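With our numbering, you'll find the sequence shown wraps up at 1264, consecutive numbering, no jumps. Take a look at the structure below.
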Amino acid sequence: MATYAVLYKYTAEGAKNIRDSVKRAGRIRQENARAGFKVRDVFWTQGSYDMLAIVEAPSEEAMMGAMLNVVAAGNVTSTIMRAFDATEMGRILAQTLPLSKVPKAASGKGRKAAARA
1148 MATYAVLYKY TAEGAKNIRD SVKRAGRIRQ ENARAGFKVR DVFWTQGSYD MLAIVEAPSE
1208 EAMMGAMLNV VAAGNVTSTI MRAFDATEMG RILAQTLPLS KVPKAASGKG RKAAARA
């Protein structure tokens, strides 16, 4: 299953109902479990975002559908990021070109000359 980090911000409606936030998160966690998701953890945060959830989803489509349901409830907006663990990142890096094969960026002089051409 793919892992996602989901950042949430309360809407005005969600802020009005802040005292129900823990109950809502628990209810959503149970609903998602029935749909094949694993919510690893949920955190309430300080700073730019109000909550963070680490979620494993059975597919990208399932994740998108679940997020549409959460946002449609009107209590939060969300930012979703696909997250890769060390094993997954190792496989990704194994598919990348060695640094010696990556094209070098043009030098400043070359870019200026190309811009004038």
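For every residue, glycine included, the Cβ atom is placed at its ideal position computed from N, Cα and C. Keep in mind that this is a model prediction, so the values were computed, not measured.
Inter-segment contact for the region 1157 to 1165 and the region 1228 to 1236 is absent: fewer than three beta-carbon pairs are separated by less than 8 Å. By the beta-carbon neighbour count (other beta carbons within 10 angstroms, threshold 16), V1217 is buried. If you draw a straight line from the Cα of E1208 to the Cα of V1189, it comes to about 21 Å.
Relative to E1178, the option among P1205, A1213, L1244 whose CA is nearest is A1213.
In the displayed model, M1236 falls within a helix according to three-state DSSP. In this structure Y1155 touches Y1196 by the C-beta definition: roughly 6 Å separates them, less than 8 Å.
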